[in-house]
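In full-length UniProt numbering, the protein residues as written are 1 to 236.
Don't be surprised by glycine CBs; every beta carbon is placed ideally from N, CA and C.
Report on one structure; see the data block that follows.
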């Protein structure tokens with residue numbers, strides 16, 4: 001069974017929102033001892049909760065990567081189980097390339113935590129980098145889709161492009177805010193904040209302040225904002 005990241009079921013979306021809210025607390029320091037396997041075990045519907053791991057991708061590991069929560073063997077086993085239960089679609093599928101990029105981010109994050117995940121059944125195959133769109137709007141849209149790659153351990157051509165095309169990235173954030181597309185704006189601020197210490201951006205701080213207010217009640221969007229805030233402070 002595969003997951004379409006554009007249209008997940010209501011139960012899976014609810015589970016992903018719940019998990020995102022718990023990650024926000026763990027990263028922000030308002031929750032002690034975050035444990036992925038315990039959080040999933042507490043859910044009344046384990047299958048959607050397992051699927052939520054695939055929906056969030058490498059972001060499920062953010063509390064371990066950024067906030068020094070202990071990553072247990074049981075956590076790694078749970079991620080392994082989620083990958084097997086909800087495998088990536090074939091590379092020829094419409095979202096096959098997106099899955100490959102997301103799964104590369106996941107395996108990179110796992111490697112950072114000491115887990116060799118290459119070869120796990122269910123992971124997407126060879127990554128094919130998307131062509132770099134010339135127009136800033138189309139390019140920004142690609143960064144929104146690939147926001148789980150915006151994590152400190154993950155190197156990618158998209159990250160290099162985000163370093164180089166700061167003006168286009170700012171345009172993307174501004175456009176999303178004006179359109180009240182706050183989830184997209186939050187995902188783009190992750191890219192803007194990721195290497196902000198190397199390439200400072202004056203728009204970032206006010207954009208994050210606005211999004212922190214607007215994303216209240218939207219855990220997945222708040223997770224993106226929380227990660228961006230963490231990156232901007234150099235806490236990664």
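Separation of residue 135 and residue 142 (C-alpha to C-alpha, rounded to the nearest whole angstrom) is 11 Å.
Within the same chain, 107 and 110 come within 6 Å of residue 117 by CB-CB distance, once the 5 residues on both sides are set aside. Taking every protein chain shown into account, the CB of residue 42 has fewer than 16 other CB atoms within 10 angstroms, so this residue is exposed. Each of 128, 219 and 74 was checked against the Cα of residue 92, and the nearest Cα belongs to 128.
For residue 12, the enclosing alpha helix (DSSP H) stretches over residues 10 to 28.
When rounded, the separation of the alpha-carbon atoms in residue 161 and residue 224 is 19 Å. Secondary structure note for residue 77: its alpha helix (DSSP H) is the uninterrupted segment 73 to 85.
For residue 189 against residue 228, the beta-carbon gap comes to about 4 Å, under 8 Å, which counts as contact.
By the 16-neighbour rule on beta-carbons within 10 angstroms, residue 22 is buried.
Excluding sequence positions up to five before and after residue 170, its CB lies within less than 6 Å of the CB of 203, all in the same chain and listed in chain order.
For residue 116, the three-state secondary structure derived from DSSP is coil.
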